[in-house]
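Chemist: All letters in the sequence shown, in the order written, are residues -28 to -1, 1 to 421 by mature numbering (1 follows the signal peptide of the UniProt record, and there is no 0). C-beta: ideal position from N, C-alpha, C; glycine also. None of these values were measured; they are calculated from a predicted model. Mind looking over this structure? Questions follow.
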Amino acid sequence: MGSSCVCWKWRSPLRRLAGFSRLLSTAALAPQICVVGSGPAGFYTAQHLLKHHRLARVDIYEKLPVPFGLVRFGVAPDHPEVKNVINTFTQTAHSDRCSYYGNVTIGKDVTVKELQQAYHAVVLSYGAEDNRILGIPGENLSGVYSARAFVGWYNGLPENRDLKPDLSSETAVVLGQGNVALDVARVLLSPLDILRELREMINLPDTRPLLAPADFTGLGDVIKDVPRPRKRLTELMVKSALEKPGEKEAGRWASATKEWGLKFRRSPLEVLSAADGKQARGIRIAVTRLEGSGESARAVPTGEVEELECGLILSSIGYRSLPLDSAIPFDPKLGIIPNSLGRVQGEPGLYCSGWVKRGPTGVIITTMNDSFDTAQSVLEDLQTGVLNLSSSKEGFKSVRSILHSRGVHPVTFSDWEKIDAAEVARGKLAGKPREKIVDPQEMLQLINH
């Protein structure tokens, strides 16, 4: 990976609203705005536009029949509280100035240029649909999966419904130690009947942590200035690695039948194949050391190599956005749409928000702030006249004709609510919150499409 990075700064929307309400009181503006993507970035962008422009009309497009993106398909099952933002998104979708159109693939069913002709502003908020590759021999062997695909499989993402990973192996290796890596490790370790109640891997029942004290010695001074959530997690790890467990905890760990650990300063070299040449049997990793300090620190191989036997390997080294339409600017190296505060470079009236704007980093609140910032750029351009409202735009009326001519049948939000009700009803019969429908065709049949 190169040393380039994406820098972004959130400016308070309230500071950028000065004078905008005065403009609304003196002119009848009715901008037609389109948002591509119904995940957090899309809904937060729409929410801010609707809140701060009393006449704006926002249409949200989604390639799947169902909305909410990573909130539905990326949040771990044992973190249901994170999914509560769906209630806020539903309120936005119920606005009489907002419409949802699922089952529409932008770039295929309708182009971005066609959207630009139908709307005063188009905001691309479609997230990161791919994953970074390891780039090592054996990566394509059976038993090796991206964490993105694995998360999609256990969360019911239609494109991953046929993954069928073999979970019979006694050992699994997860490459990466970010939020997604910890999610998949926790899911692999957790009994299904208590999965949704868990919060910390340290406290998983019938499981003991294997943490090398040498990896955590001296961290107490280093973590003083790190953000609070990361500091608390690191302090928990340091305590577990360096302090002698209490009698109760020691007894629980001694009787545990499962274990997990973190290996630092390791870099994957090769996935080792079984005798058949098709199945993964382990992974060869290089031991590294850090040279330099702070942001300039680099991992350098020591020459020492280790081999770990395992039948399941999950690569969790990051997501990656893809270009949506060949006519739209895209930086393949950074995996983002080149932009300034959400304004796509060289494309007046075209904007972006979320991961496709800044890269696949941060949590939902990060995306919220980022999306508000992009929405504020749209509002500013409406105020200054960059977006020309003198020409009438038909919005979905124009797009509907295009979709009809191409045999595409959009799914409305009321259609989604029928699918939602069916999933909840099926889940109730099975004693769980919902039973997700993972086949898009079954979803469409349910709503008579």
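Is it true that the region 362 to 378 meets the region 338 to 350, where meeting means three or more beta-carbon pairs spaced less than 8 Å apart?
Modeler: Contact between the region 362 to 378 and the region 338 to 350 is absent, because fewer than three Cβ pairs lie under 8 Å.
Chemist: So for T346, helix, strand or coil by DSSP?
Modeler: T346: helix per DSSP, three-state reduction.
Chemist: Out of G326, I289, D187 and A246, point me to the one whose CA is closest to G150's CA.
Modeler: Checking every option, the nearest Cα to that of G150 belongs to I289.
Chemist: Where DSSP assigns a beta bridge to A144, which residues make up the other side?
Modeler: L284, per the DSSP bridge assignment.
Chemist: Since A226 is in the beta strand (DSSP E), which residue starts that stretch and which ends it?
Modeler: It is not in any beta strand (DSSP E) - A226 instead sits in the alpha helix (DSSP H) that spans E219 to A226.
Chemist: Could you tell me which of H25, A65 and E86 sits nearest to E389, measuring between CA atoms?
Modeler: When each option's Cα is compared against that of E389, the closest is A65.
Chemist: With a cut-off of 8 Å on the beta carbons, I'd call E147 and S162 a contact; round off their distance for me.
Modeler: Position check: residue 147 holds Leu in this sequence, whereas Glu was assumed. Their Cβ separation, rounded to whole angstroms, is 20 Å, which puts L147 and S162 out of contact at 8 Å.
Chemist: Would you mind reading off the limits of the beta strand (DSSP E) that contains A258?
Modeler: Note, A258: beta strand (DSSP E), A252 to E263.
Chemist: For E319, count the other beta carbons within 10 Å of its own beta carbon; 16 or more makes it buried, fewer makes it exposed. Which is it?
Modeler: Buried, because 16 or more other Cβ atoms sit within 10 Å of the Cβ of E319.
Chemist: Roughly how many angstroms lie between the CA atoms of P412 and K35, to the nearest whole one?
Modeler: Taking the straight line joining both Cα atoms gives about 11 Å.
Chemist: DSSP on G41, reduced to helix/strand/coil?
Modeler: Looking at G41 - three-state DSSP - the assignment turns out to be helix.
Chemist: Within 8 Å, do at least three Cβ pairs link the region 87 to 107 to the region 1 to 18?
Modeler: With the cut-off at 8 Å, the region 1 to 18 and the region 87 to 107 touch.
Chemist: Ignoring anything shorter than 4 residues, give me the alpha helix (DSSP H) runs that lie fully in the region 355 to 399, in order along the chain.
Modeler: Listed in chain order, they are 368 to 377.
Chemist: Please tell me whether I300 and V116 are closer than 7 Å, where the distance is taken between their beta carbons.
Modeler: It is not a contact, given that the beta carbons lie outside the stated cut-off.
Chemist: Measuring CA to CA, which of L306, F236 and D81 is closest to K329?
Modeler: If we check each option's Cα against that of K329, L306 comes out closest.
Chemist: Restricting to Cα atoms, I'd like to know which of I255, R292, G233 and L241 is closest to G275.
Modeler: Checked all of I255, R292, G233 and L241; the closest Cα to G275 is L241.
Chemist: Out of N341, A222, R253 and G110, which has the shortest C-alpha to C-alpha gap to T143?
Modeler: Taking only the C-alpha atoms, the option nearest T143 is R253.
Chemist: What distance in whole Å lies between the Cβ atoms of S349 and R315, which are believed to be in contact at a cut-off of 8 Å?
Modeler: Their Cβ separation, rounded to whole angstroms, is 6 Å, which keeps R315 and S349 in contact under 8 Å.
Chemist: Less than 6 Å between C-beta atoms, sequence neighbours within five positions excluded: which residues of the same chain meet that for Y73?
Modeler: Excluding residues within five positions, the ones whose Cβ falls inside 6 Å are Y33 and P382.
Chemist: Whole-angstrom Cβ separation of A121 and N132, contact assumed at under 8 Å?
Modeler: Yes, they are in contact, since the Cβ atoms of A121 and N132 sit about 5 Å apart, within 8 Å.
Chemist: Considering only C-alpha positions, which residue in the set G46, P199, R104 and L280 is nearest to R238?
Modeler: Cα-wise, what sits closest to R238 is L280.
Chemist: Along the chain, where does the beta strand (DSSP E) containing V94 start, and where does it finish?
Modeler: That run of the beta strand (DSSP E) goes A93 to L96.
Chemist: Would you tell me roughly how many angstroms separate the C-alpha atoms of R406 and V243, rounded to the nearest one?
Modeler: For R406 and V243, the distance between alpha carbons rounds to 37 Å.
Chemist: DSSP state of R237, grouped into three classes?
Modeler: Correct three-state label for R237: coil.
Chemist: For Q251, I'd like the list of residues in its chain whose CB is within less than 6 Å of its CB, leaving aside the five on either flank, ordered along the chain.
Modeler: Cβ neighbours of Q251 beyond the five flanking positions: S114 and G115.
Chemist: Name the two residues that bound the continuous alpha helix (DSSP H) containing I289.
Modeler: No alpha helix (DSSP H) holds I289; DSSP gives it neither H nor E.
Chemist: Short of 6 Å in beta carbon distance, which residues of its chain neighbour S71, apart from the five on each side in sequence? Order them along the chain.
Modeler: D31.
Chemist: Closest to L183 by CA distance: which of L160, K235 and D155 is it?
Modeler: The residue with the shortest Cα to Cα distance from L183 is K235.
Chemist: Do three or more CB pairs link the region 40 to 47 to the region 353 to 361 at distances below 8 Å?
Modeler: Touching, no, given that fewer than three Cβ pairs across the two stretches are closer than 8 Å.
Chemist: Going by alpha carbons, who is nearest to Y291 out of V259, T260, P332 and A258?
Modeler: If we check each option's Cα against that of Y291, P332 comes out closest.
Chemist: Leaving out the 5 sequence neighbours to the left and right, which residues in its chain are closer than 6 Å to L322 when beta-carbon positions are compared?
Modeler: Answer for L322: V94 and V316, listed in chain order.
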